[in-house]
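So the sequence shown is numbered by this note's numbering: it starts at -19 and just counts up by one.
What follows is a short report on a single structure.
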Amino acid sequence: MLSRLIVVVLLCTTLALATRVKIYNYCSQELPITEKLHGERTLLCNLYPGSYCYKDYTLGKTWYYFQNGYNANATSVEVAILRDGYDSKDTYVIFAPSGSDFPVEVSANNGGRTLNCTDDNCNDAYDRSYTIIDVNHGGAITINYCPDNMGVFKKLKLIESFY
């Protein structure tokens, strides 16, 4: 009986330390969402218009790279899930699109600022001081493709990545 209780407590603790990343597709077409971890890109989900997918990530010094497809101009979002003991902030989101074929916004559930890339200039992506969102322990990050159903940009412009 005690061993079951310990397992339940450990499971709950692990889930409480996880950060959920939810990705919504408000575009008028299907988007294949890929995830890149340790240099390997895999399909996370196929998002049909109006649908979403999510995944829970544990804290650690890990970078996750989400992209709506495989081409060089696909809008991408980089997420770092870090633990920082200096200022009690557990998770950071870094928004760095390397291409901009679809509008995207990134927000956290703690009421922090929303980062937007709603046109092909995507000024938020250039400002490093503006691209960090604090998410408290066990928070959630939302990535919205085509917020307000803005559709595809009229022209493409590559945006410098942080790498």
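In this text, a Cβ means the ideal position worked out from N, Cα and C, and glycines have one as well.
Where does ASN5 land, buried or exposed, given buried means 16+ other C-beta within 10 angstroms?
In the sequence shown, counting from the first residue as 1, residue 5 sits at position 25. Buried.
What's the C-alpha gap between GLU85 and LEU95?
Locating residue 85 in the sequence shown gives position 105, where the first residue counts as 1. Locating residue 95 in the sequence shown gives position 115, where the first residue counts as 1. Each residue's alpha carbon lies about 5 Å from the other.
Identify every residue that forms a DSSP beta bridge with ASP36.
Stepping through the sequence shown from its first residue, residue 36 is reached at position 56. ASP36 is bridged to ARG0.
CYS97: beta carbon under 7 Å from a heavy atom of the ligand NAD?
This structure does not include the ligand NAD; it has no bound ligands of any sort.
Short check: CB of ALA88 to CB of LYS2, under 8 Å?
If you number the sequence shown from 1, residue 88 lands on position 108. If you number the sequence shown from 1, residue 2 lands on position 22. Not a contact, by the Cβ cut-off of 8 Å.
Helix, strand or coil, according to DSSP, for PRO127 in the structure here?
Within the sequence shown, numbered from 1, the residue matching residue 127 stands at position 147. PRO127 falls in the helix class under three-state DSSP.
Below 8 Å CB to CB, which residues in the same chain sit around PRO127 once its five sequence neighbours on both sides are set aside?
One-based indexing of the sequence shown puts residue 127 at position 147. Result list for PRO127: TYR6, PRO83, VAL84, GLU85, ASN96 and THR98, in chain order.
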